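*Asks:*
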């Protein structure tokens, strides 16, 4: 009997690619207009909204609408309701946290990748996505000046992780499994797991601590740092050694050390040589968190301080999303021996095997990150490197480093002994505070409050030696000397007003 042909609903008009062509042009115009408005300072960097603002503009109680709407009305609502509640990280007056840079090249590369929508979990699922990622990771390893072992032609390689946190989780998972590789039973592993210890500096980013929680690595030692000339607060190898030997004496097993190059708070850099020696002596996995400042290694003249870390680290992560114009979802994660990554994350099934599976000729990226499917991240990197070139990326970093020093000098000249610089300007970060006295913290909090209320610039704070400091992190790629002069003028005025209002 002939099967009855089913009655099908029509294909939605919104799936029409010719319609997409027209709406795509509209979206490109929308994005370009947004960035032009930021460049012209048509809105402040920080949002002037209160929690719950969006639910008042978008009816969250209603069910999702059943019929399609004109795309222009969707963009109108984004403009009216969503953009006013955004923190504008691409604004010339955004100096908070660290950069989260975007570039036309990265946007276009992401658009191309999303148009292809390649899950890329193993080689067969997208040979091009897989091989392009190995290529761009090798390109970046060489651009950073890393040893050949960190490339796919060596014993290691590199993979694009979504964030530094996922990179930290993968690094510590590999460290944990390497530390447990002599265990022969699950019972032995359970007992040994409870004795593993991780070490970080007291300046380390919380992403590493978060990774230890995810992996149930409960023994975490925060090694106290020492203030040095210029304000650097490194973790020293001899302090690490004391902690490691105390743990061994207590019957615990040192598992991993995560050292820093350019911490979030004040851009501290650890004692790479001393830490590496301890890790070598006790067979401890050594990770380098260079999420922000590691990007400077693309500039050959800035690479030397990182050489010992690159030489000794078992794993390294550097964010492409901060200073390399590659947007979110681009963390370069490198490893010296890929066997430890694969043995920690490999999971397979019959439906995933193919004629290339056991040939050792292909990479299956499902074995190198926490998820299974993954976006075509390499396309964004490939397009950006081709379109901007390394010279374009290097120029932004060099400009920011020079402008940070210029801003520091301007502020010092305008304010003299009214302010202190507890940390020398490093990379694109300048830290200062109203001079320490009985009212110092009160004054610095007041300074931060007035800048937040006026929304002229967006800055955040940190603590050094119990005192509040103001962080100014250069972010906008197009910053000029005039921007630094205007910023120094504004902050100088606010510092003087604050001191006058709050006596000692």
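Residue numbers (the working numbering): 17 to 520.
Ideal placement from N, C-alpha and C gives every residue a C-beta, glycine not left out.
Note that this is a predicted model, so its numbers are computed, not measured.
(1) Which one of 214, 406, 89 has the shortest CA to CA distance from residue 311?
(2) Nearest-angstrom Cα distance between residue 399 and residue 122?
(3) Quick one: measure Cβ to Cβ for residue 397 and residue 336, integer angstroms, because I've assumed they're closer than 8 Å.
(4) According to the Cβ coordinates, are residue 108 and residue 365 closer than 8 Å?
(5) Do the segment 192-204 and the segment 246-262 touch if we need at least three Cβ pairs shorter than 8 Å?
(6) Alpha carbon to alpha carbon, what distance is there between residue 436 and residue 417?
(7) Does residue 324 come out as helix, strand or coil in the three-state DSSP assignment?
(8) Are the segment 459-475 and the segment 426-445 in contact at 8 Å, needing three or more beta carbon pairs?
(9) What is the DSSP secondary structure of residue 442, counted as helix, strand or coil?
(10) I'd like the list of long-range same chain contacts for residue 95, defined as Cβ closer than 7 Å, with 5 residues on each side in sequence excluded.
(11) Give me the residue from 449, 392, 480 with the minimum Cα distance to residue 146.
(12) Going by DSSP, what residues sit across from residue 480 in a beta bridge?
(13) Using alpha carbons as the reference points, say which of 60, 27, 282 lies closest to residue 100.
(14) Thinking just about the alpha-carbon of each residue, which of 313, 385, 144 is nearest to the one in residue 410?
(15) Report yes or no: do three or more beta-carbon pairs, one from the segment 127-144 and one from the segment 491-509, lie closer than 8 Å?
(16) One question on the structure: do residue 359 and residue 138 come within less than 8 Å of each other, judged by their Cβ atoms?
(17) CB residue 326 to CB residue 153, shorter than 8 Å?
(18) What is the rounded straight-line gap between the Cα of residue 102 and the Cα of residue 253?
(19) What are the start and end residues of the alpha helix (DSSP H) that includes residue 271?
(20) Return the residue from the list 283, 300, 514 that minimises the CA-CA distance to residue 291.
(21) Assign residue 299 to one of three DSSP states: helix, strand, or coil.
(22) If you reduce the DSSP assignment to three classes, tell me which class residue 128 lands in.
*Replies:* If we stick to the structure as given:
(1) Distance from the Cα of residue 311 is smallest, within the candidate group 214, 406, 89, for 406.
(2) The straight-line gap from Cα to Cα measures roughly 7 Å.
(3) For residue 397 against residue 336, the beta-carbon gap comes to about 7 Å, under 8 Å, which counts as contact.
(4) No; because the gap between Cβ atoms is not below 8 Å, this pair is not in contact.
(5) No: fewer than three Cβ pairs fall under 8 Å.
(6) Cα to Cα, the separation comes out at about 20 Å.
(7) Judged by DSSP in its simplified three-state form, residue 324 adopts helix.
(8) Because the criterion of three Cβ pairs below 8 Å is not met, the segment 459-475 and the segment 426-445 do not touch.
(9) Strand, per DSSP.
(10) Excluding residues within five positions, none has a Cβ falling inside 7 Å.
(11) Residue 392 is the option with its Cα nearest to residue 146.
(12) According to DSSP, residue pairing for residue 480 in a beta bridge involves 483.
(13) Residue nearest to residue 100 within the set 60, 27, 282 is 60 (criterion: CA-CA distance).
(14) In this structure, 313 is the residue among 313, 385, 144 with its C-alpha nearest to the C-alpha of residue 410.
(15) When C-beta atoms of the segment 127-144 are compared with those of the segment 491-509, fewer than three pairs fall below 8 Å, so the two segments do not count as touching.
(16) Against a cut-off of 8 Å, the Cβ pair of residue 138 and residue 359 comes out as no contact.
(17) For the pair residue 326 and residue 153, the CB atoms are not nearer than the 8 Å cut-off.
(18) Approximately 43 Å between the Cα atoms of the pair.
(19) That residue, residue 271, is in no alpha helix (DSSP H); its beta strand (DSSP E) goes 269-276.
(20) When only C-alpha atoms are compared, the closest one is 300.
(21) DSSP, read as helix, strand or coil, puts residue 299 in coil.
(22) Here residue 128 carries a helix assignment [DSSP, helix/strand/coil].
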